[in-house]
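For the sequence shown, our numbering begins at 330 and goes up steadily by one. The beta-carbon is built from N, C-alpha and C at its ideal position, and this holds for glycine as well. None of these values were measured; they are calculated from a predicted model.
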Amino acid sequence: MSILSGKRILLGISGGIAAYKTPLLVRFLKKKGAQVQVVMTPAAKDFVTPLSLSTVSERPVHSSFVEKYAEDNPRWNNHVDLALWADLMIIAPATSNTLSAMAQAVCNNIVLASYLSSTCPVYVAPAMDLDMYAHPANQKNLQTLQENGVRLLDAEVGFLASGLEGKGRMMEPETIVAQLESDFEKAAPFYQKTVVITAGPTYEAIDPVRFIGNHSTGKMGYALAEKAAQLGAKVILISGPSALEPQHPAIEKVAVVSAEEMYNAATAVFAKADIFIAAAAVADFKPKEKALQKLKKDQGLEHIALVPTQDILAHLGNEKENQYLVGFALETENEIENAKGKIQRKNLDAIVLNSLNDDQAGFGGDKNKITYIDKTGDTYAFPLKAKSEVAADILEQILNGLENTP
Ligand code: CTP
330 MSILSGKRIL LGISGGIAAY KTPLLVRFLK KKGAQVQVVM TPAAKDFVTP
380 LSLSTVSERP VHSSFVEKYA EDNPRWNNHV DLALWADLMI IAPATSNTLS
430 AMAQAVCNNI VLASYLSSTC PVYVAPAMDL DMYAHPANQK NLQTLQENGV
480 RLLDAEVGFL ASGLEGKGRM MEPETIVAQL ESDFEKAAPF YQKTVVITAG
530 PTYEAIDPVR FIGNHSTGKM GYALAEKAAQ LGAKVILISG PSALEPQHPA
580 IEKVAVVSAE EMYNAATAVF AKADIFIAAA AVADFKPKEK ALQKLKKDQG
630 LEHIALVPTQ DILAHLGNEK ENQYLVGFAL ETENEIENAK GKIQRKNLDA
680 IVLNSLNDDQ AGFGGDKNKI TYIDKTGDTY AFPLKAKSEV AADILEQILN
730 GLENTP
């Protein structure tokens with residue numbers, strides 16, 4: 330499946346001869362699973378018809394600010410909505426006029442208005458005669474646009490409509506699509522990877538209303554889930570009781586309560602994980618028996634017999650095939666040595682050591698201070714940071730580790 334699948338693409342067409350190639354561009358983008366909405370300048374209609382474009386895009390094409398459905402019933406084409414709908418805008422072909430207008434914030438057609446209202450990545454595919462393209466005024470406009478964040482689909486060298494040969498041909502539609510795919514894949518290094526994350530505490534029932542638990546809020550695990558999803562991963566978040574909810578649509582949450590439920594959920598999905606991160610604060614012990622009725626205080630309770638819970642991470646370390654397995658550790662003495670010991674014992678690829686030596690780090694807070702240790706013993710100590718930034722650091726280390734894994 331292409332990374333462009335499901336992407337919403339706004340294609341702005343301006344009036345140059347290369348516009349005749351745009352139905353093909355729409356077709357290729359649609360083949361990749363993208364939705365394509367076409368807007369075009371009035372001049373573009375001299376080179377390619379709205380009917381061709383609406384047919385291949387399967388959507389109405391907009392070429393003016395106002396659509397006259399009936400003489401007395403004009404409707405405004407909301408360029409702001411169009412721009413905000415888009416995950417990506419391509420202006421192809423981008424003529425000298427259009428590039429100049431974009432650089433100056435001129436807004437006299439729906440393509441320019443959509444561009445100026447956009448917040449998504451914008452690409453331009455210039456097309457013009459070779460001397461026009463080389464003209465310092467055009468080169469300056471392109472530079473201004475790139476400084477404004479616009480990405481260049483650079484013109485190609487070849488045969489031009491003027492009969493001359495040189496640099497100025499619009500990039501071929503196939504090449505545009507390949508370039509977009511490559512850019513989006515680079516921005517989503519976890520694309521097509523499944524990341525499973527455990528998060529939060531577990532509650533071990535004493536009776537129907539009481540439990541043994543801990544102060545974990547799940548913030549670190551949820552931050553990892555959001556960041557991994559932003560980087561293109563499909564995320565399965567196995568969460569103990571937490572007030573948090575995932576925001577990103579690529580996160581599937583599996584809510585559990587006890588260590589046993591977390592174990593069952595984790596082992597059920599482990600085979601499809603590429604990366605497994607155990608960020609949960611799993612209870613190490615649970616009551617040997619759960620009372621079926623609420624314990625009454627007048628009956629007295631001298632002790633609660635405990636038995637160990639199953640160590641989820643150690644179990645997965647035994648089972649693991651190609652999964653990249655990352656644990657967390659909280660140590661109070663011989664931190665690095667103990668954490669390295671845990672890598673060996675649980676057969677991990679890396680461990681994230683939480684520092685207890687900072688007031689602002691750890692349970693409940695928005696910040697954390699970690700040391701990342703991989704199985705080769707390489708150790709990376711990070712300063713105190715927001716948990717979202719810590720998540721980015723951890724995922725970057727995991728990517729480095731994956732790249733170095735044969
Ligand atoms: N973990 C787990 N299942 C458990 C206990 C822990 O998956 N039943 C995972 C945690 O999510 C964490 C890692 O194991 O990623 C470290 O847990 P920790 O409790 O610190 O390690 P232990 O091996 O239990 O060692 P100790 O408590 O003696 O430090």
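Rounded separation between residue i and residue j - CA only
i	j	result
Gln-673	Ile-680	10 Å
Lys-671	Gly-529	20 Å
Ala-423	Ala-456	6 Å
Thr-546	Val-586	13 Å
Asn-647	Phe-513	36 Å
Lys-696	Thr-705	27 Å
Lys-563	Val-524	6 Å
Leu-493	Leu-459	8 Å
Tyr-709	Thr-700	5 Å
Leu-682	Asp-703	11 Å
Leu-380	Ser-393	15 Å
His-408	Ile-541	56 Å
Met-418	Ser-447	8 Å
Pro-465	Gln-475	15 Å
Trp-405	Ser-511	36 Å
Leu-482	Gln-508	8 Å
Gly-550	Gly-335	27 Å
Lys-350	Leu-382	11 Å
Ala-597	His-632	34 Å
Asn-729	Asn-477	31 Å
Asp-707	Asp-410	49 Å
Leu-630	Lys-675	36 Å
Phe-488	Leu-445	32 Å
Glu-732	Ala-720	18 Å
Leu-573	Asp-640	24 Å
Glu-666	Tyr-592	27 Å
Own chain partners of residue i with C-beta closer than 6 Å, once the 5 adjacent residues on each side are dropped
i	result
Pro-403	Val-395 and Lys-397
Arg-388	Gln-366
Val-385	Pro-352, Val-355 and Arg-356
Val-368	Gly-341, His-391, Ile-439, Val-440 and Ser-443
Ala-588	Thr-531, Val-611, Ala-612 and Thr-638
Gln-652	Ala-602 and Phe-605
Val-583	Ile-567 and Ala-594
Ala-430	Leu-441
Ala-415	Arg-337, Leu-339 and Cys-449
Check whether residue i and residue j have beta carbons under 8 Å apart
i	j	result
Val-655	Ala-607	yes
Leu-677	Lys-698	no
Ile-338	Gln-364	yes
Leu-635	Lys-619	no
Ser-717	Ala-552	yes
Asn-470	Leu-441	no
Glu-660	Ala-668	yes
Arg-498	Val-451	no
Pro-570	Ala-554	no
Ala-348	Ala-373	yes
Lys-615	Glu-533	yes
Ala-463	Met-500	no
Leu-624	Asp-722	no
Thr-736	Ala-609	This structure gives no information on residue 736, because the portion of the chain shown stretches from 330 to 735.
Thr-378	Ala-432	no
Ile-328	Phe-376	Residue 328 falls outside the range modelled here, since the chain spans only 330 to 735, and no answer is possible.
Classification of residue i by the beta-carbon crowding that lies within 10 angstroms, buried from 16 upward
i	result
Leu-642	buried
Lys-556	buried
His-544	exposed
Met-486	The question names Met, yet the displayed sequence has Val at residue 486. Flag for Val-486 reads exposed.
Gly-561	buried
Ala-726	Residue 726 is actually Gln in this sequence, not Ala. Label assigned to Gln-726: buried.
Asn-467	buried
Ala-490	exposed
Ala-658	buried
Ala-715	exposed
Leu-724	buried
Val-538	exposed
Met-330	exposed
Lys-522	buried
Proximal residues to residue i (C-beta, below 7 Å), its chain only, five neighbours per side dropped
i	result
Leu-645	Ala-595, Phe-599, Phe-605 and Leu-654
Val-435	Leu-441
Glu-664	Leu-682
Tyr-520	Ile-332, Glu-514 and Gly-561
Neighbourhood of residue i by C-beta, 8 Å cutoff - its chain only, sequence neighbours within 5 removed
i	result
Val-506	Leu-333, Leu-354, Phe-357, Leu-358 and Lys-361
His-577	Ala-554, Glu-555, Ala-558, Gln-559 and Val-564
Pro-371	Gly-344, Ser-392, Ser-393 and Asn-438
Ala-484	Ala-454, Pro-455, Ala-456, Met-457, Tyr-462, Lys-496, Gly-497, Arg-498, Met-499 and Met-500
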